[in-house]
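S.K.: Attaching a single structure in structure tokens format; questions to follow.
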Amino acid sequence: MSPENASPTTGPRPGLAAIEVEEITKRFGEFTAVDRVTFKVEHGEIFGLLGPNGAGKSTLIRMLTTLLEPTSGTARVNTFDVRRFPSEVRQSIGVIPQAMTSDLDLSAGENILIFAKLYGVPRERRMRVVREALEAVELAEWADKPVKNLSGGMRRRLEIARGLVHQPKILFLDEPTTGLDPVSRVAVWEMLSRLKKQRDLTILLTTHYMDEADKLCDRVAIVDHGKLVALDSPAKLKASIPGKYVLEASFSPVPEGWL
0 MSPENASPTT GPRPGLAAIE VEEITKRFGE FTAVDRVTFK VEHGEIFGLL GPNGAGKSTL
60 IRMLTTLLEP TSGTARVNTF DVRRFPSEVR QSIGVIPQAM TSDLDLSAGE NILIFAKLYG
120 VPRERRMRVV REALEAVELA EWADKPVKNL SGGMRRRLEI ARGLVHQPKI LFLDEPTTGL
180 DPVSRVAVWE MLSRLKKQRD LTILLTTHYM DEADKLCDRV AIVDHGKLVA LDSPAKLKAS
240 IPGKYVLEAS FSPVPEGWL
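Residue 0 is where the sequence shown starts when you use numbering that gives the first Met the number 0, and the numbers rise one by one after that.
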């Protein structure tokens, strides 16, 4: 059975990467947003697309999640061609967009339950998967609380739980910590690393934060002006930069009442 004809229940097979991208291009009129990008993401990796705003990262992730059709090139996600089998791709992935879209007036559990229904989780399993998704992001005790009462970091964790409700093997996150305070950012990093191990997830994320790519990702693809300019582990990318020293600064917490 060829990858294109694999059923949605077919798991990852030896020799096939979780995500395979070859010469993918996206043009909007005369503007080329993504220009012949090629890379693979292996099973169990946290893979980062790093670059400034406007580099083409979000366009790439939108093509891989079937929200945009490529102008040319090919991409396979979980063995499914994104052009030929968009429905199968969507069923096998979780997507957490940059904008937080949970309904503020519903409870955390109700938000997850809606997505369990949309993803076709059988009725008899829904409450269990809602509970498991909230437990995975450490929000179980907030299940009955309105989302408007959650902090920004907690809301981001809820968005991630929503993407896990149908138990995907690949998770896409677009700028997952944008707008979060430093403590919440680190909490999201730790949670994603834990989820990768606990659920055997493959994670592809976009970011413009170099520290995020360094701390979280197994490999990083640097994208600029729609082109892939470098791809390697964070350690090897840093080692390739001229200069003997790397300076890191850390600060003690500000005493209460100073600000």
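The C-beta atom is built at its ideal place from N, Cα and C for all residues, glycine as well.
#1: I'd like to know if the segment 57 to 75 and the segment 136 to 148 are in contact, where contact means that at least 3 CB-CB pairs between them fall below 8 angstroms.
#2: Write down every uninterrupted run of the alpha helix (DSSP H) in the segment 130 to 191 whose length is 4 residues or greater and which is fully enclosed by it, in chain order.
#3: Check whether the Cβ atoms of Gly225 and Asp80 sit closer than 8 angstroms, and answer yes or no.
#4: Which whole-angstrom value is the C-beta distance of Met62 and Lys39, which I expect to be below 8 angstroms?
#5: Using DSSP with H/G/I as helix, E/B as strand and the rest coil, what is Asp34?
#6: Tell me, which residues are paired with Pro215 by DSSP?
#7: From Leu66 to Leu172, what does the alpha carbon distance come to, in whole angstroms?
#8: Return the chain-ordered ranges of every alpha helix (DSSP H) run that is complete within the segment 46 to 80 and spans a minimum of 4 residues.
#9: For the segment 212 to 224 against the segment 47 to 61, are there 3 or more C-beta pairs whose distance is under 8 angstroms?
#10: Under 8 angstroms: do the segment 104 to 113 and the segment 179 to 193 share three or more Cβ pairs, one atom per stretch?
#11: Can you list, in chain order, the residues of its chain with a C-beta nearer than 6 angstroms to that of Gly10? Leave out the 5 residues immediately preceding and following it.
#12: Taking buried to mean at least 16 other C-beta atoms within 10 Å of its own C-beta, is Ser232 buried or exposed?
#13: Since Met99 contacts Arg154 with CB under 8 angstroms, what's their CB separation in whole angstroms?
#14: Between Gly43 and Lys195, how many whole angstroms is the CB-CB distance? I'm expecting something under 8 angstroms.
#15: Starting from Ile113, trace the alpha helix (DSSP H) both ways and give me its first and last residue.
#16: Could you check if Ala248 is buried or exposed, using at least 16 other CB atoms within 10 Å of its CB as the buried criterion?
#17: Buried or exposed for Phe114, going by 16 or more other Cβ atoms inside 10 Å?
#18: Does the beta-carbon of Gly259 have 16 or more other beta-carbons within 10 angstroms, so that it is buried, or is it exposed?
#19: Which residues mark the beginning and the end of the alpha helix (DSSP H) in which Val88 is found?
#20: Quick check on Glu21: does DSSP put it in helix, strand or coil?
M.R.: In this structure, then:
#1: The segment 57 to 75 vs the segment 136 to 148: no contact.
#2: Runs of the alpha helix (DSSP H) lying entirely within the segment 130 to 191, each at least 4 residues long, are 151 to 163 in chain order.
#3: As a first step, residue 225 must be located in the sequence shown, where it is residue number 226. As a first step, residue 80 must be located in the sequence shown, where it is residue number 81. One thing to note: Gly225 has its Cβ no nearer than 8 angstroms to the Cβ of Asp80.
#4: Indexing the sequence shown from 1 puts residue 62 at position 63. Indexing the sequence shown from 1 puts residue 39 at position 40. With a Cβ gap of about 15 angstroms, Met62 and Lys39 do not count as contacting.
#5: In the sequence shown, residue 34 corresponds to position 35, counting from 1. The answer is strand: DSSP assigns Asp34 an E or B state.
#6: In the sequence shown, residue 215 corresponds to position 216, counting from 1. For clarity, residue 215 is Leu in the given sequence; the question names Pro instead. Note: Leu215 sits in no beta bridge, so no partner.
#7: Translated into the one-based positions of the sequence shown, residue 66 becomes position 67. Translated into the one-based positions of the sequence shown, residue 172 becomes position 173. Computed Cα separation, rounded: 14 angstroms.
#8: Positions of the alpha helix (DSSP H) runs, each at least 4 residues long and wholly inside the segment 46 to 80, are given as 56 to 63 in order along the chain.
#9: Yes, the segment 212 to 224 touches the segment 47 to 61.
#10: In short, these stretches do not touch, since the Cβ pair count stays below three.
#11: Position 11 of the sequence shown, counted from the start, is the residue given in the question as residue 10. Unreliable placement is indicated for Gly10, whose pLDDT of 45 sits below 50; no coordinate value is reported for it.
#12: As a first step, residue 232 is located in the sequence shown; it is residue number 233 there, counting from the start. It counts as exposed.
#13: Here residue 99 is taken as the residue at index 100 of the sequence shown, counted from 1. Here residue 154 is taken as the residue at index 155 of the sequence shown, counted from 1. Indeed, because the Cβ distance is near 5 angstroms, the residues count as touching under 8 angstroms.
#14: Locating residue 43 in the sequence shown gives position 44, where the first residue counts as 1. Locating residue 195 in the sequence shown gives position 196, where the first residue counts as 1. 7 angstroms between Cβ atoms; contact.
#15: For this step, residue 113 is matched to residue 114 along the sequence shown. Note, Ile113: alpha helix (DSSP H), Ala107 to Leu117.
#16: Taking the sequence shown and counting its residues from 1, one reaches residue 248 at position 249. So Ala248 counts as exposed.
#17: Locating residue 114 in the sequence shown gives position 115, where the first residue counts as 1. Taking a 10 Å sphere around the C-beta of Phe114, we find 16 or more other C-beta atoms and assign the residue as buried.
#18: Lying before the first or after the last residue shown, residue 259 is absent from the chain, which here runs from 0 to 258.
#19: Taking the first residue of the sequence shown as position 1, residue 88 is located at position 89. Segment Pro85 to Gln90, the alpha helix (DSSP H) holding Val88.
#20: If you number the sequence shown from 1, residue 21 lands on position 22. Assignment of Glu21 by DSSP, reduced to helix, strand and coil, places it in the strand class.
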